[in-house]
DNA sequence: TCTGGGGTCCTAGGACCC
DNA sequence: TCTGGGGTCCTAGGACCC
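Residue numbers (the numbering used here): 51 to 430.
Shown next, in the form of structure tokens:
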């Protein structure tokens, strides 16, 4: 355990948030079934080994060869030819995830699931958060056979960063008072929200570490990142952030996309694919009593240029015919100058309404009323 | 070296309205 | 002929996260 709390026991913090992060989640779930692979480099990858895909998760042994999530499989195989590649089985991971979340909900009413392998847990009510965290780790292991790493901090940002400091099977407590002392010399990239592009731009200002970023005047950051991003990043670099845990958030969009095994030029095939994805989304939304107004087509041309085209309908719908027609119209209007690598369809501007389902075209039933409701539910 | 799939949030410009 | 000031909606793209 890494405990930086010292004279500031977390029990004295106004909020104690935990970020529970499962260790190499997909691989670990697979190893439950195949324990003989423990200790070997293992990669969970695409279902179809010949498809163009990326690494979903690599075991810690594989990571030593430079294999990590989102790395193209072709490169992963080159870097670690001896790795055992297991095709992903999302349904299995979903079940394991549900078990984990059930354990977490036994410790707090405020659990925010941020991915299949990750959740924030508000431990504000616990006088002994470190002991609680150890208990959580024990119970997750007992219930699922899986280990996790827990970060404890006064807000989401610090909890998240702390969870990365002691991994796998770790527990790290990090008060804000010691935030810069502990992570000040680390690269800016460890701050959530700093991706490759932002890292590059900061580099231009000779800002490389979290401490550099914390010292930087907001105006100079704003010149490169824009005022809004500059302000939020400056605050993060000093360890300030939200402590809010949002239990049930409304979904804002739903999409499906598919990368073809080889680039496509056949419009008939592609139109069919677009319609199929549109219908899947509409049907899924419809069963939940949700309608959408904006239909977006995503198209990626070879070698790797991505475009979107969208259209907003006059009223929300979950009618598969309507969504499919809109998506196909967007596809037909798009002027392609190269073969197509990926097609996707998304529906956004979602409205929860019992009467937005198929067959409801009456504007009085599916129009203004439900929209009003959705606006009222929008978070501040 | 070759880049998945499912999301969220932000920005910027244009249309349109008062 | 020179041209406001907001506000909102829509569209396209970018950055980021798991």
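All C-beta atoms, glycine included, are put in the ideal place defined by N, C-alpha and C.
A quick note: this is a predicted structure, and the numbers were derived from the prediction, not measured.
Which residue comes first and which comes last in the alpha helix (DSSP H) that contains residue 337? Counting along the chain, the alpha helix (DSSP H) containing residue 337 begins and ends at 317 to 337.
Can you list, in chain order, the residues of its chain whose CB lies under 8 Å from that of residue 255, leaving out five sequence neighbours each side? Answer for residue 255: 266, 270, 271, 274, listed in chain order.
Would you decide whether residue 125 is buried or exposed? Buried here means 16 or more other CB atoms lie within 10 Å of its CB. So residue 125 ends up on the exposed side.
From the DSSP output, in three-state form, read off residue 431 for me. This structure cannot settle anything about residue 431, because the visible part of the chain is limited to 51 through 430.
Could you give the residue range of the beta strand (DSSP E) that holds residue 366? Start and end: 355 to 367.
Whole angstroms is fine: what's the gap from residue 203's alpha carbon to residue 68's? Rounded to whole angstroms, residue 203 and residue 68 show a C-alpha spacing of 7 Å.
N- and C-terminal bounds of the alpha helix (DSSP H) containing residue 277: Segment 277 to 287, the alpha helix (DSSP H) holding residue 277.
With distances taken Cα to Cα, identify the nearest neighbour of residue 331 among 339, 349, 396. Out of 339, 349, 396, 396 has the C-alpha closest to the C-alpha of residue 331.
Would you identify the three-state DSSP class for residue 55, choosing helix, strand or coil? Coil, per DSSP.
Using a threshold of 7 Å, state whether the C-beta atoms of residue 201 and residue 222 are closer than that. At a Cβ-Cβ threshold of 7 Å, residue 201 and residue 222 count as neighbours.
Would you list the residues sitting across from residue 70 in a DSSP beta bridge? According to DSSP, residue 70 bridges with 169, 200.
Pick from 312, 357, 241, 400 that is closest to residue 207, judged by C-alpha positions: Of 312, 357, 241, 400, the residue nearest in Cα terms is 241.
What residue does the alpha helix (DSSP H) around residue 213 start on, and which one ends it? For residue 213, the uninterrupted alpha helix (DSSP H) run begins and ends at 206 to 215, by DSSP.
Between which two residues does the beta strand (DSSP E) holding residue 313 run? 303 to 314 is the extent of the beta strand (DSSP E) around residue 313.
In DSSP terms, what residue 400 is bridged to: The partner list for residue 400 (beta bridge, DSSP) reads 342.
I'd like the list of long-range same chain contacts for residue 290, defined as Cβ closer than 8 Å, with 5 residues on each side in sequence excluded. Counting only Cβ-Cβ distances below 8 Å, and skipping sequence neighbours, we find 205, 207, 226.
Can you round the beta-carbon distance between residue 162 and residue 296 to whole angstroms, since I take them to be within the 8 Å contact cut? Yes, residue 162 and residue 296 are in contact; Cβ-Cβ is about 5 Å, under 8 Å.
Beta-carbon gap between residue 134 and residue 92 smaller than 7 Å: It is a contact, given that the beta carbons lie within the stated cut-off.
Restricting to runs no shorter than 3 residues, where is the beta strand (DSSP E) found entirely within the stretch 221 to 274? Counting whole runs of 3 or more residues, the stretch 221 to 274 contains the beta strand (DSSP E) stretches 221 to 223.
Buried or exposed: where does residue 107 fall if 16 or more other Cβ atoms within 10 Å of its Cβ makes it buried? Buried.
Take the Cβ of residue 311 as the centre, count every other Cβ of all protein chains shown within 10 Å, and call the residue buried at 16 or more, exposed below. For residue 311, the number of other beta carbons within 10 angstroms of its own is below 16, and it is reported as exposed.
Counting C-beta neighbours from all protein chains within 10 Å, is the total for residue 366 16 or more, i.e. buried, or is it exposed? Buried, by the Cβ-count rule.
Check residue 192 in the structure and name its three-state DSSP category. Taken through DSSP and simplified to helix, strand or coil, residue 192 comes out as helix.
When you compare only the Cα positions, how much space is there between residue 336 and residue 292? Taking the straight line from one Cα to the other gives about 34 Å.
For residue 77, the first and last residue of its enclosing alpha helix (DSSP H): Unbroken alpha helix (DSSP H) run through residue 77: 75 to 83.
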